[in-house]
Each structure stands twice: as structure tokens, then as C-alpha cells.
Amino acid sequence: MARPSQPKLSTDAIAKAALKLVDAHGDFTLPQLAKALSVSASSLYNHVQGRDEIIELMRGQAMSAIKLPDLENSSWQDTVQGIAIEYWASYSKHPRLIPLMTSYTVRDSTTLRVYDALAEALAAAGFEPKQRLQAITIIDSFVLGSALDAAAPSEVWVADTEVSTAFRQALDSGQDVQDRSVETFRLGLDIILDGLQSSLA
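In the working numbering, the protein residues as written are 176 to 376.
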């Protein structure tokens with residue numbers, strides 16, 4: 176009688192399973208991950224060194240969805256905008272991953288490739304090294320914060336106490352949370368790009 180086949184384990188399978196757990200629960204443990212993959216917890220260590228590496232693998236999974244624009248035939252604004260939009264779209268699908276990964280140093284090669292493309296576009300536009308790092312940090316912070324906002328509840332603010340007329344009017348504008356999230360992200364990105372352009376003057 177043939178022996179039952181064992182599930183094939185790989186770093187890719189581990190990352191995908193861990194990401195599903197994070198999407199559902201906001202975190203993961205190695206025993207939970209092993210159970211999801213139908214393997215023993217000890218067998219995970221044949222493929223990864225531990226939790227830190229798994230978080231980096233999940234970062235790579237999220238960033239792998241980003242398609243980099245043609246740097247040679249795009250303006251720096253179009254390049255930065257295109258990357259930021261795809262970056263935001265990817266993490267909007269996995270907002271619960273953001274708090275986990277932001278406390279870890281970025282080492283994933285797929286992620287570094289995205290930052291490298293941003294740096295090249297900014298360098299070609301004339302940004303000095305310090306300005307490039309500042310710009311990348313601004314974009315990174317804005318994109319991840321906006322991705323978290325995309326996962327906000329339908330009613331973000333409830334004013335049970337007296338608030339100003341200005342704030343009340345804003346609350347009563349009644350914009351759908353998804354529409355608000357998308358429009359606010361696009362507006363904020365435009366403001367950042369305009370500000371970066373002004374800093375070159």
C-alpha cells in the first residue's frame with residue numbers, strides 16, 4: 176500500500192499560510208502555523224530560522240504584487256506615484272501585517288528592489304542622497320498609514336460629546352469609508368509629490 180503523501184513544505188507555502196493567519200487574527204504562532212500546514216512545528220525549522228524570517232517572508236509576499244514601472248521611460252513623479260499606488264493596494268489587502276513588520280529591519284530582497292527603484296527615480300530627478308532617504312521615508316510612512324486606514328471601521332468617529340460645527344459638518348459629509356480611503360490616499364500622494372517637486376527648486 177502506498178504511503179500517504181506528505182504536504183510539500185517550502186518557504187513560499189510557509190509565508191502564504193502565515194499571511195492567512197495574520198489576515199484573520201492579526202498575528203501567528205509557530206504551532207498555529209504548523210497546524211495550518213499540517214506539519215510538525217519542528218519541521219518548519221528545516222526551512223526557516225524562526226518568527227523573524229517568517230515575517231520577512233510575509234513582507235516579501237506582500238511586496239511581490241508590486242509591478243515596477245519602466246524607469247527609463249517614466250518621469251520620476253509617475254514612477255513614484257505608480258509604485259506608491261501599488262504598494263498601498265497590496266498592503267490594503269493585508270493591513271494587519273503592518274504592525275508586525277514595522278518593528279523588524281527590512282532585509283527582504285523583493286522589498287529592497289522596490290525601494291531601489293524609488294531611489295533611482297529620485298536620483299535621476301536630482302534629489303541628493305539625504306533628500307532621497309527623506310522622500311522614501313515620507314512615502315513609506317504615508318502608504319502604510321493609508322493602508323491601515325483602508326481597514327478602518329465604517330464609522331471611524333462617533334462624537335458622543337459636544338464638538339465644533341466644523342467637525343460636525345465633516346462627520347456628516349457621509350462619505351463611504353472605502354471611497355474616503357481611496358480619495359484621501361490619492362489627495363495625500365499628490366500633495367507629497369508636489370511638496371517633493373518644490374523641494375528641488
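In this text, a Cβ means the ideal position worked out from N, Cα and C, and glycines have one as well.
- Rounded to whole angstroms, the separation of the alpha carbons of residue 270 and residue 354 is 17 Å.
- If you check the CB distance, residue 251 and residue 294 do not come in under 8 Å.
- The alpha-carbon separation between residue 203 and residue 220 amounts to approximately 16 Å.
- The shortest CA-to-CA distance from residue 268 to any of 184, 243, 187, 319 is the one to 319.
- Under the three-state reduction of DSSP output, residue 337 falls in the coil class, being neither helix nor strand.
- Around residue 236, the same chain offers 190, 191, 194 as residues with beta carbons nearer than 7 Å, after the five sequence neighbours per side are excluded.
- Residue 347 and residue 263 have their C-alpha atoms roughly 27 Å apart.
- Pairing residue 324 with residue 261, the inter-Cα distance amounts to about 16 Å.
- Per DSSP, residue 223 is not a residue of any alpha helix (DSSP H), being assigned neither H nor E.
- Using a Cβ distance threshold of 8 Å, residue 314 and residue 289 do not count as a contacting pair.
- Take the alpha-carbon of residue 363 and the one of residue 284: they are about 28 Å apart.
- Boundaries of the alpha helix (DSSP H) around residue 312: 304-325.
- When the five nearest sequence neighbours on each side are left out, the beta carbons in the same chain lying within less than 8 Å of the beta carbon of residue 239 are those of 285, in order along the chain.
- For residue 217, the secondary structure class from DSSP, reduced to helix, strand or coil, is helix.
- Counted as a single uninterrupted DSSP element, the stretch harbouring residue 269 is not any alpha helix (DSSP H), since DSSP gives it neither H nor E.
- Residue 310 is classed as buried because its beta carbon has at least 16 other beta carbons within 10 Å across all chains shown.
- Between the alpha carbons of residue 334 and residue 273 lies a distance of about 28 Å.
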